[in-house]
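In full-length UniProt numbering, the protein residues as written are 1 to 262. Backbone N, C-alpha and C define an ideal beta-carbon position, used for all residues, glycine too. For reference, the structure discussed in these notes is given below.
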């Protein structure tokens, strides 16, 4: 029997964006290009100074020569540099832990994911992205106020990569965090008290009664139509025969001619 792996789309979205954001964040942290300084007084016009969190490099537009490990104590002693270092390193470590937790929760090799663990991993990825965006946005805001040898200060590509990586982590972690909402909603549905419908009781049927047949007397007393029974019909026929058997000229009373005179 084959096992069908069904990973929710929100977990796939988060598990793709989180590693991509981590790679961009790592590049932004290590590369020395948070800002570039051009047209430095007393230097050649093709010199471009690239400053990052850990290193400063000199590049030349007319050649491919790069000179790194430049010292600038006033730049590295700035408060934003120390805070940005700590936040970027914390974000990198937290993102790795978050990806491990989310992978254990997503469990692509099983049929059903663990929503709570995957949601917690997504929440950690979201926090990691926020830790990246904070120093990048802060550095961009005060970039021109940090000590520099020239007024021609421009944004380096590391800030752009940091912004993109942080946003990808925030989006991926936020989407994966919806797993916690689904877990809570399903738990609330399971904890709702169940109401059992009471089946209505039927009224007991009345006892079966034998049908009452009306008597002849009751029918004759109620109905206006005369009721003739078989016995009365026989009496009527007998009387009719006796009347027919009498002679026609016989009468019960013989009148006399002189009775009328009395």
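Original post:
Roughly how many angstroms separate the alpha carbons of residue 52 and residue 117, rounded to a whole number?
Top reply: 36 Å
**OP:** Compare the beta carbon distance of residue 19 and residue 88 with 8 Å and say whether it is the shorter of the two.
**Re:** no
Subject >> Beta-carbon separation (whole angstroms), residue 177 vs residue 123, contact threshold 8 Å >> reply: 5 Å
Original post:
Secondary structure at residue 68, three-state DSSP: helix, strand or coil?
Top reply: coil
**OP:** Leaving aside the five residues before and after residue 180 along the sequence, list all residues of the same chain whose C-beta is less than 6 Å from its C-beta, in chain order.
**Re:** 119
Subject >> CB-CB length for residue 15 against residue 104, believed under 8 Å >> reply: Not confirmed; about 12 Å, so no contact.
Original post:
Nearest-angstrom Cα distance between residue 129 and residue 86?
Top reply: 14 Å
Subject >> Sufficient close CB pairs (3 or more, under 8 Å) joining the segment 163-170 to the segment 49-67 >> reply: no
Subject >> Limits of the unbroken alpha helix (DSSP H) element including residue 95 >> reply: 79-106
**OP:** Assign residue 147 to one of three DSSP states: helix, strand, or coil.
**Re:** coil
Subject >> Neighbourhood of residue 144 by C-beta, 6 Å cutoff - its chain only, sequence neighbours within 5 removed >> reply: 153
Original post:
So, helix, strand or coil for residue 53, using DSSP?
Top reply: coil
**OP:** Mark residue 151 as exposed unless 16 or more other C-beta atoms lie within 10 angstroms of its C-beta, in which case mark it buried.
**Re:** exposed
Original post:
Which of the three DSSP states, helix, strand or coil, is assigned to residue 73?
Top reply: helix
Original post:
Alpha carbon to alpha carbon, what distance is there between residue 94 and residue 69?
Top reply: 28 Å
**OP:** Give every residue of the same chain whose Cβ lies closer than 6 Å to the Cβ of residue 172, excluding the five residues on either side of it in the sequence, and list them in chain order.
**Re:** 14, 17, 18, 125
**OP:** Look up residue 37 in the DSSP assignment and say whether it is helix, strand or coil.
**Re:** strand
Original post:
Helix or strand or just coil, what does DSSP make of residue 116?
Top reply: helix
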